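Novice:
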Amino acid sequence: MIEIHPTAKLSHLADIEDSVRGSRIVVGAHSVIDSFVKVKPAGGSGDLVVGEHVVINAGCVLYTGNGIHIGNYVAIAANCTFAPVNHAYADRSRLIREQGFLPSKGGIVIEDDVWIGANCVLLDGAVLRRGCVVGAGSIVRGELLAYTVYAGQPLAAVGERR
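In terms of the numbering used here, the sequence shown opens at residue 2 and continues consecutively.
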């Protein structure tokens with residue numbers, strides 16, 4: 002089920018696939034989904050919930066997997082990948098693609114007022130607390146504390162740069 006708020010702006014060049022597993026894809030008020038953003042329900046039955054005043058820039062790919070929850074006033078730069086899912090691979094007698102998926106690590110949670118730089122990858126279990134700044138090219142797989150700047154490792158509290 003896809004629910005786009007009437008005030009949200011969705012590029013005609015974005016590609017949002019509807020789920021066959023019942024996942025909800027929700028885009029909140031005044032949010033912008035840019036050209037060449039791909040939303041693919043794959044790897045689980047989690048929902049994608051995009052809050053209000055969120056901008057997802059060109060070239061981003063979001064797999065719904067175990068769920069993605071994006072708060073309000075979040076800025077996501079170009080070419081980011083959100084992958085809240087993990088393939089099973091332990092059985093060497095079977096192809097990886099036949100082994101299904103591992104249990105969820107909690108999906109991806111992004112709180113309000115977060116900025117994610119270009120070319121970032123967020124993995125299952127990533128939690129970005131309020132006010133985080135994630136530097137371009139970072140890989141996030143755990144929790145980032147509120148108001149921290151992250152570029153592979155925490156650099157400073159956001160309050161120190163303001």
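Virtual Cβ for every residue (Gly too), placed ideally from N, Cα, C.
Keep in mind it's a predicted model, so treat the numbers as computed, not measured.
Does the distance from the C-beta atom of Y64 to that of G44 stay below 7 Å?
Specialist: Yes, Cβ-Cβ distance for Y64 and G44 is below 7 Å.
Novice: On the criterion of 16 or more Cβ atoms from any shown chain inside 10 Å, does D92 qualify as buried, or is it exposed?
Specialist: Label assigned to D92: exposed.
Novice: Check whether the Cβ atoms of V110 and H70 sit closer than 7 Å, and answer yes or no.
Specialist: Yes, these two residues count as a Cβ contact at 7 Å.
Novice: Does the count of Cβ pairs from the stretch 14-22 and the stretch 38-58 closer than 8 Å reach three?
Specialist: Flag = yes, the stretch 14-22 and the stretch 38-58 touch.
Novice: For Y90, count the other beta carbons within 10 Å of its own beta carbon; 16 or more makes it buried, fewer makes it exposed. Which is it?
Specialist: By the 10 Å Cβ count, Y90 comes out exposed.
Novice: Do L124 and A84 have their beta-carbon atoms positioned less than 7 Å apart in this structure?
Specialist: A contact, by the Cβ cut-off of 7 Å.
Novice: Bridge partners of L63, per DSSP?
Specialist: Partner(s): V40 and F83.
Novice: For the beta strand (DSSP E) that L123 lies in, which residues bound it at each end?
Specialist: V122 to L124 is the span of the beta strand (DSSP E), which, as asked, contains L123.
Novice: Out of S94, V134 and S46, which has the shortest C-alpha to C-alpha gap to V86?
Specialist: Closest by alpha carbon: S46.
Novice: For R25, which residues from the same chain have a beta carbon less than 6 Å from its beta carbon, with the 5 sequence-adjacent residues on both sides left out?
Specialist: Within the same chain, R25 has close Cβ partners M2 and D48.
Novice: Taking the alpha carbon of G52 as the point to measure from, which residue in V122, A78, V33 and P104 has its own alpha carbon closest?
Specialist: Nearest of V122, A78, V33 and P104 to G52, Cα basis: V33.
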